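Using the numbering used here, the letters of the sequence shown map in sequence onto residues 15 to 584.
Don't be surprised by glycine CBs; every beta carbon is placed ideally from N, CA and C.
Since this is a predicted model, take the numbers as computed values, not measurements.
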Amino acid sequence: MARILITSALPYINGIKHLGNLVGSQLPSDAYARFMRARGHEVMLICATDEHGTPAELAAAKAGKPVEEFCREMWQVQKDIADGFRLSFDHFGRSSSARNHALTQHFAGRLADAGLIEEVSEKQVYSRADGRFLPDRYIEGTCPNCGYDKARGDQCENCTKQLDPTDLINPHSAISGSTDLEVRETKHLYLRQSQMRAKLTAWIESKTDWPVLTTSIAKKWLNDGDGLQDRGITRDLDWGVPVKRGAQDWPGMEGKVFYVWFDAPIEYIAATAEWADAQGLPDSAWQRWWREDMGAEDVRYVEFMAKDNIPFHTLTFPSTIMGSGEPWKLVDYIKGFNWLLYEGGKFSTSQGRGVFMDQALEILPSDYWRWWLLSNAPESADSDFTWESFQTGVNKDLADVLGNFVSRVTKFCRSKFGETVPEGGAYGPAEQAVIEAIAPRLAAYERHMEAIEIRKAAAELRAIWVIGNEYLQAAAPWALYKTDPEAAAACVRFALNLIRLYAVLSRPFIPDAAAAMLDAMKADDSWPEDTGAALSALPAGHGFTVPDNLFAKIDDARRVELEERFGGRD
Ligand SMILES: [Zn+2]
Numbered sequence: 015m016a017r018i019l020i021t022s023a024l025p026y027i028n029g030i031k032h033l034g035n036l037v038g039s040q041l042p043s044d045a046y047a048r049f050m051r052a053r054g055h056e057v058m059l060i061c062a063t064d065e066h067g068t069p070a071e072l073a074a075a076k077a078g079k080p081v082e083e084f085c086r087e088m089w090q091v092q093k094d095i096a097d098g099f100r101l102s103f104d105h106f107g108r109s110s111s112a113r114n115h116a117l118t119q120h121f122a123g124r125l126a127d128a129g130l131i132e133e134v135s136e137k138q139v140y141s142r143a144d145g146r147f148l149p150d151r152y153i154e155g156t157c158p159n160c161g162y163d164k165a166r167g168d169q170c171e172n173c174t175k176q177l178d179p180t181d182l183i184n185p186h187s188a189i190s191g192s193t194d195l196e197v198r199e200t201k202h203l204y205l206r207q208s209q210m211r212a213k214l215t216a217w218i219e220s221k222t223d224w225p226v227l228t229t230s231i232a233k234k235w236l237n238d239g240d241g242l243q244d245r246g247i248t249r250d251l252d253w254g255v256p257v258k259r260g261a262q263d264w265p266g267m268e269g270k271v272f273y274v275w276f277d278a279p280i281e282y283i284a285a286t287a288e289w290a291d292a293q294g295l296p297d298s299a300w301q302r303w304w305r306e307d308m309g310a311e312d313v314r315y316v317e318f319m320a321k322d323n324i325p326f327h328t329l330t331f332p333s334t335i336m337g338s339g340e341p342w343k344l345v346d347y348i349k350g351f352n353w354l355l356y357e358g359g360k361f362s363t364s365q366g367r368g369v370f371m372d373q374a375l376e377i378l379p380s381d382y383w384r385w386w387l388l389s390n391a392p393e394s395a396d397s398d399f400t401w402e403s404f405q406t407g408v409n410k411d412l413a414d415v416l417g418n419f420v421s422r423v424t425k426f427c428r429s430k431f432g433e434t435v436p437e438g439g440a441y442g443p444a445e446q447a448v449i450e451a452i453a454p455r456l457a458a459y460e461r462h463m464e465a466i467e468i469r470k471a472a473a474e475l476r477a478i479w480v481i482g483n484e485y486l487q488a489a490a491p492w493a494l495y496k497t498d499p500e501a502a503a504a505c506v507r508f509a510l511n512l513i514r515l516y517a518v519l520s521r522p523f524i525p526d527a528a529a530a531m532l533d534a535m536k537a538d539d540s541w542p543e544d545t546g547a548a549l550s551a552l553p554a555g556h557g558f559t560v561p562d563n564l565f566a567k568i569d570d571a572r573r574v575e576l577e578e579r580f581g582g583r584d
């Protein structure tokens, strides 16, 4: 039995995520965790909301709420949606937790002690009316390029030109509107990533089993131009982790917080501590996942994320971990994802284009989405959500192949033999052929899941479903029953066992349907060690019930209606 620590990239607190976000980290991390648990491994699956930074403050202001209250409410919204999609996180934490405050300050203190943090004096805009330094986004004015009068200090939203606050015409505070601004000198902390370059390079080069997508992005940042740059890790904001050096105040850094990108990955550790707290467990319970001197030396740590997060997870977070000089667990494998497109374009909140997670659950049960998204996961390249493809996946794979098989077998058995597994004779050549066809597919399925090749695993799972359908079609117990009821009974016994096997194998992808199938079969969920033995697990006389129809088809009229509803406002 192995111990596997799995983290999903943290969804930002601001707003509800779309299907592309879901399939870019959270959903595949859940499928992988479910598979590893089913194989008997000890798994810790961690996710959390990423709550700090300017966008959260601005969104809270727009909603007319204190940022703390805004984040608390949005965390609950995101938590409920994660539950709706059956994401089996051991803990869904918050980067604003007391645990993350303490750990972030701890890491900053260790890095400073190691000489890896530099204090840099910078010139920055100060608002006398607001009594604070303003981050670039908090300064508004007229764009010198296009004349748009609500351009921000970092970028003009209208013409997308990158700006410096001093470029703006009539600059004013986005908080108070005051134009009483001046440029003052202030200090910020920089993480000296450049000092870590050799160590990081050696570490990345040791990761020969990582996907090229991951290592090439990391190497680009390490080597392009002047190489890896030091990175500012503090900001002038109210909302965030106050800058401290461990438990000590940090002279000159009063009123500043750590930059969200410094504290967010540390929340992976903090959320595991939050988990232990919520369970009433001592610190040793989470430390055995994260500290190699406290039991984590045999943990395999796997991170899931979309490709834009890779630089931070291959360079910035490892700099924090390595630079601390403490034996914290470094990532063993990074699973990066490309983008999910929506009907050939981008998802857009502002244009109402694409399906967002809350809307998806209102339309159809989570299994429908999980199956399509996982079986079309954007692994080696971007993939494209179209309603036509979604309709095909649901109707063919789920309804015609799997759902239909379960329905036909259980209903036929009930009508001829009652709600118990019938006796019949021994399995014959047809059943043996099915066992021989499934065994290598099952091995391939396991191999792909272990390698986190989600699409390939889904293809094997689908093939295993298809084998059962073809068998049933050829064996035709409803015809056989008229001439040889004994043989028909054996066939049905075999098919009922296939349902149990399908339930166990399908669980990482479609947990609700799998649970319904297991319930109906009144069976346990033990993973098959041997295909033949697994297909004799339910003996004659074992009771079952006929489950409700597992999947409903999406007809063309409904598909067109959904295409129109989510096509965006032009
Ligand atoms: Zn502009």
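Buried versus exposed call for residue i [16 or more other C-beta atoms within 10 Å across all chains shown]
i      : result
SER364 : exposed
ILE568 : buried
THR228 : buried
LYS425 : exposed
GLY239 : exposed
ASN184 : exposed
THR559 : exposed
THR497 : exposed
GLY417 : buried
LEU505 : With the sequence shown as reference, residue 505 is identified as Cys, and Leu is not the correct amino acid for it. Its Cβ being crowded by 16 or more others within 10 Å, CYS505 is buried.
CYS160 : exposed
GLN207 : buried
ASN563 : exposed
LEU295 : exposed
GLN40  : buried
THR193 : exposed
GLU154 : buried
Any non-hydrogen atom of ligand 3 within 7 Å of residue i CB
i      : result
ASN172 : Although ligand 3 was asked about, the structure shown includes only ligand 1 as ligands.
Beta-carbon gap between residue i and residue j smaller than 8 Å
i      : j      : result
ALA47  : LEU59  : yes
HIS327 : VAL316 : no
ARG108 : GLU136 : no
VAL408 : PHE565 : yes
ILE280 : PHE121 : yes
VAL37  : LEU355 : no
SER380 : ARG100 : yes
LEU236 : SER333 : no
TYR485 : ALA444 : yes
ARG476 : ASP414 : no
ILE481 : ALA451 : yes
ALA554 : ARG521 : no
Local conformation of residue i per DSSP, three classes
i      : result
PHE565 : coil
GLN405 : helix
THR559 : coil
SER585 : A question about residue 585 goes unanswered here, because the residues of the chain that appear run from 15 up to 584.
LYS430 : helix
GLY155 : strand
ALA16  : coil
LYS234 : helix
PHE326 : helix
SER333 : helix
ARG521 : coil
GLY350 : strand
ARG469 : helix
TRP224 : coil
SER421 : helix
beta-carbon residue i near ligand 1 non-hydrogen atom, thresh 7 Å
i      : result
LYS175 : yes
ASN35  : no
ASN159 : yes
TYR162 : yes
ALA165 : yes
Cutoff 8 Å: residue i Cβ touching any chain E Cβ
i      : result
LEU203 : Of the protein chains in the structure, only one exists, and it is not chain E.
Q.
Which complete alpha helix (DSSP H) runs does the region 55 to 139 hold, if anything under 4 residues is left out?
A. 68 to 76, 81 to 98, 112 to 127
Q | Contiguous alpha helix (DSSP H) assignments of at least 4 residues, all confined to the region 240 to 318 | A | 274 to 293, 297 to 304
**Q.** Ranges of the beta strand (DSSP E) found wholly within the region 174 to 220, counting only runs of at least 3
**A.** 183 to 187, 195 to 205
Q) Taking only runs of the alpha helix (DSSP H) that begin and end inside the region 18 to 57, which ones reach a length of at least 4 residues, in chain order? A) 41 to 52
Q) At which residue ranges does the region 355 to 401 contain complete alpha helix (DSSP H) runs of 4 or more residues, listed in the order of the chain? A) 371 to 377, 380 to 389
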